[in-house]
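Have a look at the structure below before the remarks.
Numbering (the numbering used here), first residue to last: -16 to 191.
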């Protein structure tokens, strides 16, 4: 085989290997993306951008407890924005806001961002999680900002499992009643302890 033919064969082989590698890599990345990155709600109005919005409920459907709102808020403006309130239109749910440090308003700094939900982040808690809606549904969430005003968009309602486990709410402690002695059982020891006393008194009286 001549040198030119050998070079051509090597080049063709290298091209086939490169295309195969790129195709496999692309398929792998897409598969991973579908597994770990849900299709979360996002929107942008003026200088405010809202991403990764979800309502996260208890991990078990029949569990009692709060639900939370998780989102990332971006402020591309030159003035800070205060999140004055978050509401769920069409429901009776109230949302309690708290800054990451636990004090003061929930502020999105100019040119910065705020993460709502997850450890050490700001929080937006729906005290009665059932008022948020059922898992699998979409609920409108309305943010009111001090400068931009109201921004509303739909959020998926998801349980605090898999990807959302670390962003979900805490379950309420169990309120199951503890077992208590019945009236008859509690009365029996008293009667037994009283009977010998009465008997000994009667005997003593009879003896005298």
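Yeah, the Cβ is synthetic: ideal placement off N, Cα and C, and Gly gets one too.
Because the structure is a prediction, the values reported are computed rather than measured.
Asked	Found
For chain C, is any of its Cβ atoms less than 8 Å away from the one on residue 95?	The structure shown has no chain C; it contains just one protein chain.
Do residue 134 and residue 39 count as a contact pair if the criterion is CB distance below 8 Å?	no
State the Cα-Cα distance for the pair residue 131 and residue 65, rounded to the nearest angstrom.	10 Å
Can you list, in chain order, the residues of its chain with a C-beta nearer than 6 Å to that of residue 107? Leave out the 5 residues immediately preceding and following it.	52, 69, 78, 80 and 99
To which residues of the same chain is residue 93 closer than 7 Å at the C-beta, ignoring the five residues directly before and after it?	58, 60, 61, 62 and 63
Any idea if residue 124 is buried or exposed, counting beta-carbon neighbours within 10 angstroms, 16 or more meaning buried?	buried
So, for residue 89: in the same chain, excluding its five sequence neighbours on each side, which residues have a beta-carbon less than 6 Å away from its beta-carbon?	66, 80, 82 and 105
Quick check for students: name the residue ranges of the beta strand (DSSP E) that lie wholly in the region 18 to 42, counting only runs of 3 or more.	24 to 28 and 31 to 40
Could you compute how far the alpha carbon of residue 116 sits from the alpha carbon of residue 140?	7 Å
Please list the terminal residues of the continuous beta strand (DSSP E) segment that includes residue 132.	132 to 142
So residue 146 is in the beta strand (DSSP E); what residue range does that whole segment cover?	No beta strand (DSSP E) holds residue 146; DSSP gives it neither H nor E.
Just to confirm my understanding: we take residue 72, look at its own chain, exclude 5 residues before and 5 after, and list those with CB closer than 6 Å. What are they?	123 and 125
Quick one: using the 10 Å Cβ neighbour count with 16 as the cut-off for buried, is residue 44 buried or exposed?	exposed
Closest by CA to residue 127, which one among 37, 24, 91 and 111?	91
Please report the Cβ distance between residue 25 and residue 138, rounded to the nearest whole angstrom; I am assuming they are in contact, meaning their Cβ atoms lie under 8 Å.	Not a contact, Cβ separation roughly 10 Å.
What separation, rounded to the nearest whole angstrom, lies between the Cα atoms of residue 196 and residue 97?	Nothing about residue 196 can be reported from this structure: the residues present for the chain run from -16 to 191 only.
So, for residue 114: in the same chain, excluding its five sequence neighbours on each side, which residues have a beta-carbon less than 7 Å away from its beta-carbon?	74, 75 and 76
Where does residue 76 sit, in a helix, a strand or coil, going by DSSP?	coil
Can you tell which of 119, 56 and 145 has its C-alpha closest to the C-alpha of residue 95?	56
Starting from residue 128, follow the beta strand (DSSP E) in both directions and report where the run begins and ends.	121 to 128
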